[in-house]
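Just so you know, the protein sequences line up as chains A and B, in that order.
Under the numbering used here, the first residue of the first sequence is numbered 2, with each subsequent residue one higher.
Under the numbering used here, the first residue of the second sequence is numbered 2, with each subsequent residue one higher.
Notes follow once the structure below has been shown.
Protein chains: 2
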Amino acid sequence: MSELFCDRLLDAIDYTKSPICVGIDPIVESLPSPVREKFLSRDDEPQAAIDAIFDFTTRVLKIVAPLVPIVKFQSAFFEQYLWEGVEAYYSLIQEAKDLGLLVIGDVKRGDIGSTASAYAAGHLAEQTAATDVEIATPDAITVNPMLGLDTLEPFVKTAKEFSKGLFVLVRTSNPGSGQLQDAILQSGQTWSEMLAENLAKIAADPALVGSRGFSSIGAVVGATQAHTIQILRKKLPKSIFLLPGYGTQGATAEMTRAAFTDGRGAIVSASRSILYAEKNEKYSSQFKDNWEKCVEAAVMDMKREIAQVIGG
Amino acid sequence: MSELFCDRLLDAIDYTKSPICVGIDPIVESLPSPVREKFLSRDDEPQAAIDAIFDFTTRVLKIVAPLVPIVKFQSAFFEQYLWEGVEAYYSLIQEAKDLGLLVIGDVKRGDIGSTASAYAAGHLAEQTAATDVEIATPDAITVNPMLGLDTLEPFVKTAKEFSKGLFVLVRTSNPGSGQLQDAILQSGQTWSEMLAENLAKIAADPALVGSRGFSSIGAVVGATQAHTIQILRKKLPKSIFLLPGYGTQGATAEMTRAAFTDGRGAIVSASRSILYAEKNEKYSSQFKDNWEKCVEAAVMDMKREIAQVIGG
């Protein structure tokens with residue numbers, strides 16, 4: 002795996018013709034009825050929940066693998082079930098990779114010095130479990146830079162060593178994100194813009210920039226603010242943008258347009274609008290109780306919507 | 002456990018006469034020779050490392066339990082060993098609680114909405130593992146507020162429900178922390194000061210404030226900037242400060258003075274200067290190869306130094 006993460010991702014986007022990331026946010030209460038009922042009739046609560054999540058996610062991965070280049074696992078929904086949940090997280094990453102998918106671990110870790118190195122080891126490095134089996138780790142993880150851009154160094158070092166990638170939180174998609182991230186500095190720019198300018202220097206490291214001019218150090222930029230995307234795109238010309246907020250959080254395909262440069266350099270992420278598409282009348286009316294068909298149709302619709310915007 | 006976390010912590014500080022937190026940062030390469038050699042002669046690498054960490058930490062907990070009120074587990078050093086490491090993390094939290102210690106989980110999590118709720122469930126709520134055994138979770142965790150103070154709500158809700166606490170990152174102790182956290186806003190204040198002002202409103206919730214006027218919503222403020230501590234103390238009058246950076250990172254007892262109000266309201270955290278005290282000539286010359294005596298002496302010295310400053 003010597004090819005840079007950025008090149009592997011851009012190749013996979015070209016191959017699938019869809020700059021789309023499916024977010025794996027498995028929530029037991031939201032699972033399609035057949036999956037939920039089968040397992041929640043059991044009386045071994047946490048294990049039943051983990052099994053339900055495992056079964057559901059495995060089926061989702063099989064549906065989306067031919068359609069999209071990459072999936073994003075939300076660590077919190079596995080950590081919620083303690084170490085058994087964490088074991089399921091790593092097993093499902095292996096499943097995704099076996100299906101040819103690239104994987105982002107949405108862990109939003111951030112810490113200093115050797116602590117950051119330990120996080121990078123657990124979440125990005127090649128790993129061997131105590132059972133001496135090789136364990137697949139994500140191709141890229143999300144990281145939180147609040148502690149300072151110096152704290153990204155251990156993550157960058159590990160990313161370089163194992164040809165992995167990072168998506169650094171720059172501007173998130175939640176309603177309250179502006180309070181801290183859009184704070185106006187004396188220089189006139191926002192806090193996120195200043196962060197982006199400094200991140201751009203790290204992303205421009207020639208050892209991280211691939212054959213198409215993009216870097217393995219990407220940025221998380223909420224898809225809910227089109228104007229902000231435009232400004233940050235200029236400040237971070239080499240970073241691939243991971244755009245959450247599509248669908249359930251209200252972002253539309255049109256709002257993501259500014260993230261793309263000649264149709265490249267961004268992946269739009271949707272989680273619940275795809276995973277739980279059977280709750281959407283649009284799909285349930287068409288496919289009745291077949292939740293898997295609903296998932297597939299929701300991905301196909303999203304592909305079409307994004308393709309229209311980037312002219313694919 | 003209906004008593005508020007803040008009151009339990011302040012009581013324990015009074016009882017042990019030491020506002021000190023011992024940070025559990027177990028790093029195999031740094032372990033005292035006898036512990037390291039015993040386990041690293043084994044050829045089952047990751048399991049041997051986990052066992053070494055488990056053995057070392059258990060012994061440290063026994064030494065410090067009569068001397069300090071609280072310990073802080075650095076999650077990264079356990080996550081590094083995947084789910085087996087995470088299992089050890091929860092087991093050691095149980096060990097610490099059995100010894101009467103309060104426990105902080107240094108996880109620095111932060112995310113939005115139901116994702117934050119899932120993190121709070123895994124790291125703060127009462128938990129039952131798949132084996133149907135009750136699992137001890139930390140009394141408090143560190144959280145990262147970069148995504149917006151609205152994203153703290155699920156953590157605050159869980160803290161209230163289970164009488165737990167939070168330590169919100171406000172100003173960290175690493176060399177590069179100033180770049181983003183001390184950025185000057187148009188209002189003239191720093192980004193951290195603005196964060197502190199908004200956090201103060203959350204911390205002042207009467208349901209979270211205990212009998213001595215302090216809140217269960219604390220703040221992480223690096224002990225390395227005495228002037229910053231002073232300003233943030235004024236902005237966050239109800240928050241107990243967790244002050245990392247003592248010892249190895251260069252902070253002295255004198256530098257922590259401003260965090261205390263009438264000798265109360267802060268805990269000074271030291272990790273490596275205590276855990277690995279045997280590497281300090283001051284202790285090794287006195288106790289030769291007895292690393293446990295070195296740990297004990299380092300805690301006693303730190304107690305004395307802090308007591309001088311707060312007049313205890």
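Each residue gets a CB set at the ideal place from its N, CA and C atoms; glycine is no exception.
For the beta strand (DSSP E) that contains A/Thr159, what are its first and last residues?
Careful: A/Thr159 lies outside any beta strand (DSSP E), inside the alpha helix (DSSP H) at Glu154 to Glu162.
So is A/Lys109 in contact with chain B if we call contact Cβ pairs under 8 Å?
yes
Where does B/Leu209 fall in DSSP's three states?
coil
Under 7 Å by beta carbon: chain B residues contacting A/Gly211
Ordered by position in chain B, no residue passes the 7 Å Cβ test against A/Gly211, which lies about 27 Å from the chain.
Contact list for B/Gln226 against chain A, beta-carbon separation under 8 Å
None at all; the shortest Cβ gap to chain A is about 13 Å.
Does B/Asn281 get closer than 8 Å to chain A when you measure Cβ to Cβ?
no
DSSP state of A/Ala216, grouped into three classes?
One point to set straight first is that residue 216 of chain A is Ser, not Ala, in the sequence displayed. In this structure, A/Ser216 counts as strand in the three-state DSSP scheme.
Helix, strand or coil for A/Arg234, going by three-state DSSP, please let me know.
helix
Checking contacts by CB at 8 Å: is B/Met147 closer than that to chain A?
yes
DSSP puts A/Phe168 in a beta bridge; with which residues?
A/Thr143 and A/Gly219
Is it right to say B/Tyr82 is buried, meaning 16 or more other beta carbons lie within 10 angstroms of its own, or is it exposed?
buried
Near A/Ala184, what residues of its chain come up, given a Cβ to Cβ distance below 8 Å and the 5 sequence neighbours on each side ignored?
Thr191 and Trp192
Residues near B/Lys98 by beta carbon distance below 7 Å, same chain, minus five either side
Val104 and Ala137
So B/Leu186 contacts chain A; which residues on that side make the cut at Cβ distance below 9 Å?
Ala184, Ile185, Leu186, Gln187 and Trp192
Once DSSP output is grouped into helix, strand and coil, what is the label at B/Val134?
coil
C-beta neighbour in chain A for B/Ile203, strict 8 Å
no
Hey, how far is the Cα of B/Ala271 from the Cα of B/Gly251?
11 Å
Flag A/Asn175 as yes if its beta-carbon sits less than 8 Å from any beta-carbon of chain B, otherwise no.
yes
Chain B partners of A/Asp56, CB-CB under 9 Å?
What A/Asp56 touches in chain B: nothing, since even the nearest Cβ is about 15 Å away.
Can you give me the Cβ contacts of B/Thr129 inside the same chain, cut-off strictly under 8 Å, excluding the 5 residues immediately before and after it?
Glu135 and Ile136
Going by DSSP, name the residue or residues bridged to A/Cys295.
None, per the DSSP bridge assignment.
Given the structure, does A/Asp151 come close to the ligand GDP, in the sense that its CB is under 7 Å from one of the ligand's heavy atoms?
The ligand GDP is absent from the structure shown, which contains no ligands of any kind.
Is DSSP giving A/Ala197 helix, strand or coil here?
helix
Extent of the continuous beta strand (DSSP E) run through A/Ala267:
Ala267 to Ala271
Name the chain B residues whose beta carbon is nearer than 9 Å to that of A/Pro155?
Ordered by position in chain B, no residue passes the 9 Å Cβ test against A/Pro155, which lies about 10 Å from the chain.
Pair every Cβ in the stretch 241-257 of chain B with every Cβ in the stretch 217-230 of chain B, then say whether three or more of these pairs are closer than 8 Å.
yes
Are the Cβ atoms of B/Glu38 and A/Trp84 separated by less than 8 Å?
no
Inter-residue CB distance, B/Cys7 and B/Gly211 (contact presumed, cutoff 8 Å):
4 Å
Here's the rule: buried if 16 or more other CB atoms are within 10 angstroms of the residue's CB, otherwise exposed. What is A/Tyr16?
exposed
Kindly confirm or deny that the stretch 165-174 of chain A and the stretch 196-207 of chain A touch, where touching means at least three C-beta pairs closer than 8 Å.
yes
Using only alpha-carbon positions, find the residue among B/Gly166, B/Ser115, B/Thr159 and B/Gly111 that is nearest to B/Lys73.
B/Gly166
Under 8 Å between C-beta atoms of B/Met303 and B/Ile21:
yes
Through-space distance from B/Leu5 to B/Val36, alpha-carbon basis
38 Å
Check B/Lys18 in the structure and name its three-state DSSP category.
coil
Residues of chain B with a CB under 9 Å from the CB of A/Ile232: which are they?
Chain B residues near A/Ile232: none, gap ~17 Å exceeds 9 Å.
Cα-Cα separation, B/Ala224 to B/Gly177
14 Å
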